[in-house]
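**Q**
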Amino acid sequence: MVEEHTLLFLRYLQSVFSSMIKEEHLKIENVKEVCAVDVAYNGKTGFAVASRGSFQEVVQHKVFSGAVDFPYISGYLFMREAPIMLKALEGFQCDLLLVDGHGTAHPRRSGIAVVLGVLLNLPTIGIAKSRLTGEILQDGGVNYVVVNGKKEGVKSGKYYYSIGNKVDLEDCVYVSKMGYPGILKETDRLTKKYKKGENESSKE
DNA sequence: GCGACAG
DNA sequence: ATCTTGTCGC
Numbered sequence: 000m001v002e003e004h005t006l007l008f009l010r011y012l013q014s015v016f017s018s019m020i021k022e023e024h025l026k027i028e029n030v031k032e033v034c035a036v037d038v039a040y041n042g043k044t045g046f047a048v049a050s051r052g053s054f055q056e057v058v059q060h061k062v063f064s065g066a067v068d069f070p071y072i073s074g075y076l077f078m079r080e081a082p083i084m085l086k087a088l089e090g091f092q093c094d095l096l097l098v099d100g101h102g103t104a105h106p107r108r109s110g111i112a113v114v115l116g117v118l119l120n121l122p123t124i125g126i127a128k129s130r131l132t133g134e135i136l137q138d139g140g141v142n143y144v145v146v147n148g149k150k151e152g153v154k155s156g157k158y159y160y161s162i163g164n165k166v167d168l169e170d171c172v173y174v175s176k177m178g179y180p181g182i183l184k185e186t187d188r189l190t191k192k193y194k195k196g197e198n199e200s201s202k203e
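Under numbering that gives the first Met the number 0, the first residue of the first sequence is numbered 0, with each subsequent residue one higher.
1) Below 8 Å on the Cβ atoms is my guess for I20 versus T103; work out the distance and round it to an integer in Å.
2) Note down the Cα distance separating V62 from L96, rounded to an integer number of angstroms.
3) By Cβ distance, which residues of its chain are closer than 7 Å to C171, with the 5 residues on each side in sequence left out?
4) Is it right to say I111 is buried, meaning 16 or more other beta carbons lie within 10 angstroms of its own, or is it exposed?
5) Given a cut-off of 8 Å, decide if R108 and S17 are closer than it, judged by their beta-carbon atoms.
6) For H4, report the span of its alpha helix (DSSP H) as first-last.
7) Ignoring anything shorter than 4 residues or poking outside the stretch 155 to 198, list the alpha helix (DSSP H) runs there in chain order.
8) Where K43 and D138 are concerned, what is the direct C-alpha to C-alpha distance, given to the nearest angstrom?
9) Pull the bridge partners of Y40 from the DSSP assignment, please.
10) Should L25 be labelled buried (16 or more other beta-carbon atoms within 10 Å of its own) or exposed?
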């Protein structure tokens, strides 16, 4: 159980992160190296996988596993997954980091993609499989995700793409039109593979 | 009180 | 996220 004063503190941290977002245009066409991160769990043990490659494929990846104590609380995912994701990302360099989760399409504009982007000072885009907050506003064939009256990202198919750091709405639209990134799909697969491997070995 | 609620 | 088989749909 997490105390209310702890959540209050986390909201203070989120206000700092959101105030540090650099919303600027990153020409996706110039992006060479792409990285992605995701986490899978086997009970209390988390398996974070960081990958590097292109939008469509993984060239190399690294896994970091360890106990994850903070529980999942809607709106505070960063406290549960950012620590282990940062460990997996150590040493990885890239022009853009794709994060499994929302960026500014968050109640306080401080989703996990924002947190990682600010801490690593990297361009990041959050890509989530479901809605956390916001309404959809169609405009010119694009389904924008609007939160507190501001377009924070776009919804394409069943996925939500939102600003993390050092990118803008245009970049999000561009990436969403490329379809769900193969590197994220593959990273997710790897994440479950390691989790599963842990199950097999611990079962004789 | 009721409904919503990333992974 | 995770527990889980077959099954309805694009």
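All C-beta atoms, glycine included, are put in the ideal place defined by N, C-alpha and C.
**A** Looking at the atomic coordinates:
1) 7 Å
2) 16 Å
3) I124, G152, V153, Y160, S161 and I162
4) buried
5) yes
6) From DSSP, the alpha helix (DSSP H) with H4 extends over E3 to S18.
7) Taken in chain order, the complete alpha helix (DSSP H) segments of 4 or more residues contained in the stretch 155 to 198 are 168 to 175.
8) 43 Å
9) G45
10) buried
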